[in-house]
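Before any comments, here is the structure.
Protein chains: 2
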Amino acid sequence: MPIRHDPSRDETTTNAGLGVLSQRFGNRIETGLALRSQHAHTTTWLPNQPPDAVFCPRTTQEVQVVMAICNDHRMPVIPFGTGSSLEGHVNAPLGGLSIDFKDMNAILQVNSDDMDASVQPGVTRKALNTHLRDTGLFFSVDPGADASLGGMAATGASGTNAVRYGTMKDNVLALKAVLPSGELVTTAARARKTSAGYDLTRLMVGSEGTLGVITELTLRLRGIPEAVSAATCSFPSVSAACHTVIQTIQYGLPVARIELLDAVQVRAVNAYSRLRLPETPLLLVEFHGSAAGVAEQAETFGQIAAEQGGTGFVFTTREEERTQLWQARHDAYWAGLQLRPGAKGLSTDVCVPVSRLADCVTAAQDRLASAGILAPIVGHVGDGNFHCLLLIDMDNHSEIAQAEDFIGWLNDLAISMEGTCTGEHGIGQGKAKYLERELGAGAMSMMQAIKNAVDPNNILNPGKMGLY
Amino acid sequence: MPIRHDPSRDETTTNAGLGVLSQRFGNRIETGLALRSQHAHTTTWLPNQPPDAVFCPRTTQEVQVVMAICNDHRMPVIPFGTGSSLEGHVNAPLGGLSIDFKDMNAILQVNSDDMDASVQPGVTRKALNTHLRDTGLFFSVDPGADASLGGMAATGASGTNAVRYGTMKDNVLALKAVLPSGELVTTAARARKTSAGYDLTRLMVGSEGTLGVITELTLRLRGIPEAVSAATCSFPSVSAACHTVIQTIQYGLPVARIELLDAVQVRAVNAYSRLRLPETPLLLVEFHGSAAGVAEQAETFGQIAAEQGGTGFVFTTREEERTQLWQARHDAYWAGLQLRPGAKGLSTDVCVPVSRLADCVTAAQDRLASAGILAPIVGHVGDGNFHCLLLIDMDNHSEIAQAEDFIGWLNDLAISMEGTCTGEHGIGQGKAKYLERELGAGAMSMMQAIKNAVDPNNILNPGKMGLY
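Protein chains in written order, with our numbering: chain A, 1 to 468; chain B, 1 to 468.
Put into structure tokens, the structure is as follows:
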């Protein structure tokens, strides 16, 4: 990858840009160190690289004005939602302006008949679902954190129910984004389906702020199901659990969620939530549909699981019991951290074809054991995606080095299995070299060509995805 | 849109390119007029603009060699599948080489556990489904014609069951494409889900051969359902039928197909297939699932339809009866043409938010009536997409002018309703001006910038989508 050196970008130009921005917006251009640090990466092990200033726009027009000024001064622009991304997406390695969308948090319209909604990027997924409560509709993508919808689109987020309802790529119908010139692009009409031109919507989704700054999203909504059933089942091995997943999906059961907890993770939730689950791999599933349908589906799942040696199968359609049954999953993250108080959790994010999942998870477990790294595993196994939460003492350099070594090994293993180094967290700062190994030089140069064409001055979140 | 004039491209350069190609491939570079005409647009009213030559590659490597030669000589390259596209995608307005993929028709692998398959672009959808017959899996996208999968990807095809299984955008997991330089790009890994870099897969899907030539596709497969139910119901008005669609989907019924035939179309199938359906709007639906599930779903649909004034509701789960029940839909195209023997059928393709569908269809019917144009209507109404099949005497210039006027008016109407001028046929040659009206100057210049970056010499299917 050729890195574009820009001799015209230095501290002087940035200061000049900040001067023009301050003239225009006064003390809304904020430069306090604490605020700037909060707007850089804080969630994991990456170093904090604060921007030079933070601005909270109130309108799309303000974003357009700011972008044009930054472009004139070759000043980087880093869009910011809630800061919950895991791969350093909001860090500012070259300085610049963080555009925080917390004040652009309006739900612009809900079209019940069309099952869609238009929102500003600062709306969080929980805020949208609270707003939708009385409509019978919900927004399905659930990455765990109460992330902003703009950020979720930018990173291509998904989560537990992607196996049924898809990821952000499947649930953003259209968006508006500001280009470096200040020009506003509308990527698609509001129709459910389109063949009109390049799919700019899906090009923007997952582009991590490197192609434009999203200022509005039209999202697909789903009907709240009439009934929900939940079931859990323990397995003698990861392989038995994975084969159950494969057969469940091949059978055509419309599973809404299907999650794996490995034995270490089950031990963690037993301790944290005072459960008494067998400390072997556990599958949790959920079905959405009619009352009769979801009961039938859970029972069919139970039969498939039994054929694979599953034991302790339980299912329910009652809400309070469902919550109890899924408690192990809801508490997984915090329970995992409690396995080693004081440690920080570093999450991997590989995703492989489902046929390779058992091999991949088992190899990861073996290598974690031999390296002496404690790391519970949770997986969105219907998609072949799983996370090892490496519990690391961040004051211990050799532990950090071991963790980096493991993460690199796992990324390469997934790639060798025709998988990806990232199913849902994105590339951000740390995974650029794996992206190139995964897709090859052709894809990287095509991405760089697109980046250069859309952002010739390289002001849009430079350095992310290995693009400059 | 700035049109890129290329002074270095003329007949001399093309002849030089043809010379080099012939040196390399001998008489496999075919230049007979009949063959060339067959490789230009033949399906509707657009003029036939033949390429200068036709070549049928046998390997990806041959495509790479040919592309590099064409790029050196500024010679256009037009990928060709089965020629069933409806918007002039395979026409060669600037001449050049048609690359016909009929000999690259291998099914490379089927991964049953992962429910995916890798194919060469010349494989047709029926050939793939025949190959899959014993696996319990099928490829879902069904545009009617037995199109090639490469062509279906290039145009972003869909069809009757997109409402349940999605379009090509949702069912191509990854692809390989040759760029003008001859470089091969792999857009994604085979994992079900990825956040790794720009979504080049979905950028290529629907790009109509203007960004690269597809040489391999990895497709998502679906499990053949245990049971299928079909139902039909007549309605007093298009509006009543559309409200039934909205309620069916909001209710969460997992409808696999939901098709509308308007009264003119029902009259056509009554005559053609000797049916005795009431000549009012007709909905046909299909459900996929368990035996109990699909019966329950069809009955629930019947109740919703009755509330909207639907009459004559029939449903069945038996295969031979299902075929009979859906005969009106299967015969729709040929029945439509028989309304006016000798006339050619010109198809519109607008797609609007479902809440606007009744208004859009009704307005179209009114305008067709007042213009005296005979045009049965069929709609993939779950997506808000419908086709008017204008029956036109192609020897009558004033009829053609009237048809063009109507099509333009309908495209503009759909755009004014937040819809698109094309739900599944693509932009091709004729709809570029509507694309700009639909998405605005910002999107058009972003598309042109991407096109320029990826194809600096403008050799990839130039003139389609309004891009040069």
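Just so you know, even glycine gets a beta-carbon here, dropped at the ideal spot from N, CA and C.
Between the segment 198 to 205 of chain B and the segment 231 to 240 of chain B there are fewer than three inter-stretch CB-CB distances shorter than 8 Å, so the stretches are not counted as touching.
No residue range can be given for I29 of chain B, since it is assigned to no beta strand (DSSP E) and is classified by DSSP as neither H nor E. Taking 7 Å as the Cβ-Cβ cut-off, the segment 441 to 465 of chain A approaches chain B at G442, A443, M446, M447, A449, I450, N452, A453, V454, M465, given in chain order. A Cβ-Cβ separation of about 14 Å leaves A240 of chain B out of contact with G302 of chain B under the 8 Å criterion. The beta carbon of E30 of chain A does not come within 8 Å of any beta carbon belonging to chain B, so the residue lies off that interface.
Within 10 angstroms of the beta-carbon of A157 of chain A lie 16 or more other beta-carbons, which makes it buried. For the C-beta of S207 of chain B, the chain A residues within less than 7 Å are, from N- to C-terminus, Y198.
By the Cβ test, the segment 177 to 191 of chain A is not in contact with the segment 25 to 32 of chain A, since fewer than three Cβ pairs between them sit closer than 8 Å. CA-CA distance, E11 of chain A to P51 of chain A, rounds to 12 Å.
Under the three-state reduction of DSSP, I415 of chain A is assigned to helix. For the set A:D114, A:D113, A:Q120, the Cα lying nearest the Cα of N105 of chain A is the one of A:Q120.
Per DSSP, D359 of chain A lies in no beta strand (DSSP E); the unbroken alpha helix (DSSP H) holding it starts and ends at 357 to 371. Straight across, the Cα-Cα distance linking V141 of chain B with G212 of chain B is about 22 Å.
If you check each beta-carbon in the segment 102 to 129 of chain B against every beta-carbon of chain A, the ones closer than 8 Å belong to N111, S112, D113, D114, M115, D116. Annotation for K344 of chain A: the continuous beta strand (DSSP E) segment containing it runs 344 to 347. Per DSSP, G151 of chain B is one residue of the alpha helix (DSSP H) stretching across 149 to 155. Uninterrupted alpha helix (DSSP H) stretches at least 4 residues long and entirely within the segment 175 to 209 of chain A occur at 200 to 204, given in chain order.
For the segment 343 to 360 of chain A, the set of positions with a beta-carbon nearer than 7 Å to some beta-carbon of chain B reads C351, V352, P353, V354, S355 in chain order. Beta-bridge annotation (DSSP): C388 of chain B is paired with B:I377. Using beta-carbon distances, N171 of chain A does not count as an interface residue toward chain B, since no partner is under 8 Å.
In terms of beta-carbon proximity, H425 of chain A lines the interface with chain B, with at least one pair separated by less than 8 Å.
Apart from the 5 residues on each side of it in sequence, R222 of chain A sits with its Cβ closer than 8 Å to the Cβ of M115, L137, F138, F139, S140, Y165 in its chain, given in chain order. The criterion of a C-beta distance shorter than 8 Å is not satisfied by L284 of chain A and E307 of chain A.
Contacts between L435 of chain A and chain B, judged by CB atoms closer than 8 Å, involve A196, G197 in chain order.
Within 7 Å of the CB of D383 of chain A, the CB atoms of chain B belong to R192, K193, in sequence order along the chain. Contacts with chain A (Cβ-Cβ distance below 8 Å) from the segment 243 to 255 of chain B involve I246, I249, Q250, Y251, G252, P254, listed in chain order. With a threshold of 16 other beta carbon atoms within 10 Å, A188 of chain A meets it and is buried. When C-alpha distances from E208 of chain A are compared across A:I249, A:S273, A:H425, A:Q23, the shortest belongs to A:H425. In the DSSP annotation of this structure, the continuous segment of the beta strand (DSSP E) that includes I78 of chain B starts and ends at 77 to 80. Residue state for F55 of chain A is assigned as strand, using DSSP reduced to three classes.
Of all residues in the segment 401 to 424 of chain A, those with a C-beta nearer than 9 Å to a C-beta of chain B are A414, I415, M417, E418, G419, T420, C421, T422, G423, E424, reading in chain order.
For secondary structure counted as the beta strand (DSSP E) over 3 or more consecutive residues, the segment 233 to 294 of chain B holds these complete runs in sequence order: 255 to 261, 282 to 289. Comparing alpha-carbon positions, the option among A:P353, A:D366, A:M444 lying closest to A117 of chain B turns out to be A:P353.
Counting along the chain, T323 of chain B sits inside the alpha helix (DSSP H) bounded by residues 319 to 325. Cβ-Cβ distances below 6 Å link V266 of chain A to L277, E279, L282 in the same chain, with the five nearest sequence neighbours on each side left out; the list follows chain order.
Following the DSSP letters along the chain, one finds A117 of chain B inside the beta strand (DSSP E) bounded by residues 116 to 119.
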